[in-house]
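Student: Residue numbers (the working numbering), protein chains in the order written: chain Y, 1 to 420; chain Z, 421 to 641. Glycine included, every Cβ here is placed at the ideal spot set by N, Cα and C. To start, I am sharing the structure in question, which I have written as structure tokens.
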């Protein structure tokens, strides 16, 4: 057995806990998880049945964590997982799963399949069977501060631009303010308007904030790759910066897995709760609205629909907040079929968007999202995740659809009541 | 006097049942302990929702399908419901079965009439046949199915079929058929802890974990 295989299997073994064992014990192979899966539904290829993607982890559990399996193993009735097995499973675990979480909600025995994929990726990456793009992104993020490489100059340029446009100062590394804002690389590179939008909203609401030069990057490729060490390092950077500045909270930006990483996995990765709160930008805006600190004037008259990012709604619990904000600034808000908790993934999450090998599959999977959009025929689609935004922009173009995609924070800022 | 049917019935009711019960209960305890000793790390993220309450709620709420999904796997959903309900009606509401519980634990409850019991049994068996058919033909089910899946379907069906035969004295010696019925139940009990039949116990844990993980985040389950 090679050293990397052993390392991968050990990482996998470490992930097997009571929930995982109860899930595998409960599975009756009914296959209903397939009906929830965007990749199965788009292709009708049975290999994309979610529980099938977990088969190697199930085999390790069965052979090593059950009495009967151990006896079977000793008698040579079952085969150990090999490096070739792991290699063969790489496309199933990474290319055909965005960790969107739909299967977790339909499994009749209650298996959290998505959480198990997250865990299985720990073993896969430790064994050296993860997509090169994710490994590259992890290296860049670790060495240069962002999965896109060195983004300091771009960030400073965008901040300068936002200051010029709004006339509102944005200060770096300012201690003692209310919030530290972190951004997704995608926002810095592609959707920088969010900076000006936040600036205007926060000024009106009397919120003080800053950006840390040490930790402005919110994304965390460690949880997509399935590498706790990488994930921990990246979370720790944000935690250290926030605690050094003594802020009350960190605002998690419009980015799905960033919220998942910092808000839900982070304290478990670093082994302790934070000394500050983590709030998603949309949660904060909704809170400001409820407190009367966010006042808008006028409404968007276009036919708008909302795309729920999986990690923020289904796996993150933010469902009503964006809808209250949508109703505040739009007069023709239409929901798609399956909107909310059972919304279809954009197809780019969980590292699939960065994975070149998965491109055809990703485009095929867009069929489900496309059906949702085609049925309501909106003028534009609003979302609260920069990566969904990026993915939707690309696939809409690929499919010659002319809808525009908007970020919710920018949309709200557009209707901010300047006189209030 | 030599009456093999009677002897077999006495064995099935006596030592046979005791052996099956010990394996059944001991095996379940073993499997549950096997799961629980693996433990679960304390979640340090401050909860937004209520993990315990939602975990408990999900144990029940997951018994109902998400709207719109049934049409994608009708045999699995409808067959699954009919089998489970039919099996439990026949098991729990047939007067002689209640009498066994009364003998053992001193508790009893109203029984269902013959029409209900026999319809439930027949429907459950038909549902099982449909589920087996779907495992053999539907690509998703076919790809997932192993020997274990067919074994548990057959083991679950045999007590229903043999019970129906014994009660209605369809063929064979009535004593022999009753003995066979009891033996099929014992086979089901012995296999239970070591096959996918275990889901009937661990689904409670799995659903609780699922609900509590989602509930902590304030997300639906």
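Thinking C-beta only, is residue 462 (chain Z) closer than 8 Å to residue 28 (chain Y)?
Tutor: Cβ atoms of residue 28 (chain Y) and residue 462 (chain Z): not closer than 8 Å.
Student: Do the CB positions of residue 330 (chain Y) and residue 376 (chain Y) come within less than 8 Å of each other?
Tutor: Cβ distance not < 8 Å, so residue 330 (chain Y) and residue 376 (chain Y) don't count as in contact.
Student: Could you tell me the boundaries of the alpha helix (DSSP H) in which residue 408 (chain Y) lies?
Tutor: Where residue 408 (chain Y) is concerned, the enclosing alpha helix (DSSP H) stretches over 408-414.
Student: My guess is that residue 609 (chain Z) and residue 443 (chain Z) are in contact by the Cβ rule of under 8 Å, so how many angstroms apart are they, rounded?
Tutor: Yes, residue 609 (chain Z) and residue 443 (chain Z) are in contact; Cβ-Cβ is about 7 Å, under 8 Å.
Student: Is it right to say residue 164 (chain Y) is buried, meaning 16 or more other beta carbons lie within 10 angstroms of its own, or is it exposed?
Tutor: Its Cβ having fewer than 16 others within 10 Å, residue 164 (chain Y) is exposed.
Student: Measuring straight from C-alpha to C-alpha, what distance separates residue 505 (chain Z) and residue 512 (chain Z)?
Tutor: Near 10 Å, if we compare the C-alpha coordinates of residue 512 (chain Z) and residue 505 (chain Z).
Student: Just grab the DSSP bridge partners of residue 183 (chain Y) for me.
Tutor: Its beta-bridge partners are Y:217.
Student: Residue 547 (chain Z): buried (16+ other C-beta within 10 angstroms of its C-beta) or exposed?
Tutor: Buried.
Student: How is the alpha helix (DSSP H) around residue 367 (chain Y) delimited, first residue to last?
Tutor: Residues 359-376.
Student: At a CB-CB cut-off below 9 Å, which residues of chain Z make contact with residue 314 (chain Y)?
Tutor: What residue 314 (chain Y) touches in chain Z: 634, 639, 640.
Student: Can you grab the Cα-Cα spacing for the pair residue 338 (chain Y) / residue 108 (chain Y), in whole Å?
Tutor: If you take the alpha carbons of residue 338 (chain Y) and residue 108 (chain Y), they lie about 19 Å apart.
Student: Would you mind sorting residue 241 (chain Y) into buried or exposed? The rule is 16 or more other CB atoms within 10 Å of its CB.
Tutor: Burial call: buried.
Student: Between residue 531 (chain Z) and residue 510 (chain Z), which are expected to be in contact by the criterion C-beta below 8 Å, what is the C-beta distance as a whole number of angstroms?
Tutor: Contact doesn't hold; Cβ gap of about 11 Å is too wide.
Student: In the DSSP output, what is residue 380 (chain Y) paired with across the bridge?
Tutor: Per DSSP, Y:304, Y:404.
Student: Report back the beta-carbon spacing between residue 180 (chain Y) and residue 247 (chain Y) to the nearest angstrom; my notes put them in contact at under 8 Å.
Tutor: Contact holds; Cβ gap of about 5 Å.
Student: Could you round the C-beta distance between residue 405 (chain Y) and residue 373 (chain Y) to whole angstroms and report it? I think they count as a contact, below 8 Å.
Tutor: Rounded, the Cβ-Cβ distance is 11 Å, inconsistent with contact.
Student: Rounded to the nearest angstrom, how far is the Cβ of residue 120 (chain Y) from that of residue 12 (chain Y), given a contact under 8 Å?
Tutor: The pair is a contact, with the Cβ atoms about 7 Å apart (cut-off 8 Å).
Student: Can you find a C-beta in chain Y that's less than 8 Å from the C-beta of residue 523 (chain Z)?
Tutor: Judged by the 8 Å Cβ criterion, residue 523 (chain Z) is not in contact with chain Y.
Student: Are the C-beta of residue 264 (chain Y) and some C-beta of chain Z separated by less than 8 Å?
Tutor: Taking Cβ atoms only, chain Z reaches closer than 8 Å to residue 264 (chain Y), which makes this a yes.
Student: Can you list, in chain order, the residues of its chain whose CB lies under 6 Å from that of residue 550 (chain Z), leaving out five sequence neighbours each side?
Tutor: Excluding residues within five positions, the ones whose Cβ falls inside 6 Å are 495, 499.
Student: Could you check where the beta strand (DSSP E) with residue 249 (chain Y) kicks off and where it finishes?
Tutor: Here the beta strand (DSSP E) through residue 249 (chain Y) covers 249-252.
Student: Chain Z partners of residue 191 (chain Y), CB-CB under 8 Å?
Tutor: Chain Z residues near residue 191 (chain Y): none, gap ~25 Å exceeds 8 Å.
Student: Just verifying my parser: in three-state terms, what is the DSSP assignment at residue 60 (chain Y)?
Tutor: In the structure shown, residue 60 (chain Y) sits in a helix (DSSP, three-state: H, G or I).
Student: Could you check whether the Cβ of residue 454 (chain Z) sits closer than 8 Å to any Cβ belonging to chain Y?
Tutor: At least one chain Y Cβ lies under 8 Å of residue 454 (chain Z).
Student: In whole angstroms, what separates the C-alpha of residue 417 (chain Y) from that of residue 229 (chain Y)?
Tutor: Those two C-alpha atoms are separated by around 45 Å.
Student: Any idea what DSSP makes of residue 615 (chain Z), helix, strand or coil?
Tutor: In the structure shown, residue 615 (chain Z) sits in coil (DSSP, three-state: anything other than H, G, I, E or B).
Student: Looking at C-beta atoms only, is the number of pairs between the region 358-365 of chain Y and the region 101-118 of chain Y that lie closer than 8 Å three or more?
Tutor: They do not touch, by the three-pair rule.
Student: Could you give the DSSP three-state label for residue 28 (chain Y): helix, strand or coil?
Tutor: It is coil, neither helix nor strand.
Student: Just curious, the beta strand (DSSP E) that residue 484 (chain Z) is in, first and last residue?
Tutor: Note, residue 484 (chain Z): premise wrong, no beta strand (DSSP E); not H, not E.
Student: Beta-carbon separation of residue 460 (chain Z) and residue 173 (chain Y) under 8 Å?
Tutor: Not in contact: residue 460 (chain Z) and residue 173 (chain Y) (Cβ atoms no closer than 8 Å).
Student: What does a CB cutoff of less than 6 Å around residue 144 (chain Y) pick up in its chain, not counting 5 residues either side in sequence?
Tutor: Around residue 144 (chain Y): 150.
Student: Any idea what DSSP makes of residue 169 (chain Y), helix, strand or coil?
Tutor: Three-state DSSP puts residue 169 (chain Y) in coil, outside helix and strand.
Student: Suppose contacts are defined by Cβ-Cβ distances below 8 Å. Is residue 409 (chain Y) in contact with residue 346 (chain Y) by that definition?
Tutor: Contact flag unset, no.
Student: Of all Cβ atoms in chain Y, is any one closer than 8 Å to the Cβ of residue 563 (chain Z)?
Tutor: Closer than 8 Å to some Cβ of chain Y, the Cβ of residue 563 (chain Z) qualifies, so yes.
Student: Is there at least one Cβ from chain Y nearer than 8 Å to residue 441 (chain Z)'s Cβ?
Tutor: So, not an interface residue.
Student: In chain B, which residues lie with their C-beta within 8 Å of the C-beta of residue 619 (chain Z)?
Tutor: No chain B appears in the structure shown, which is made up of the protein chains Y and Z.
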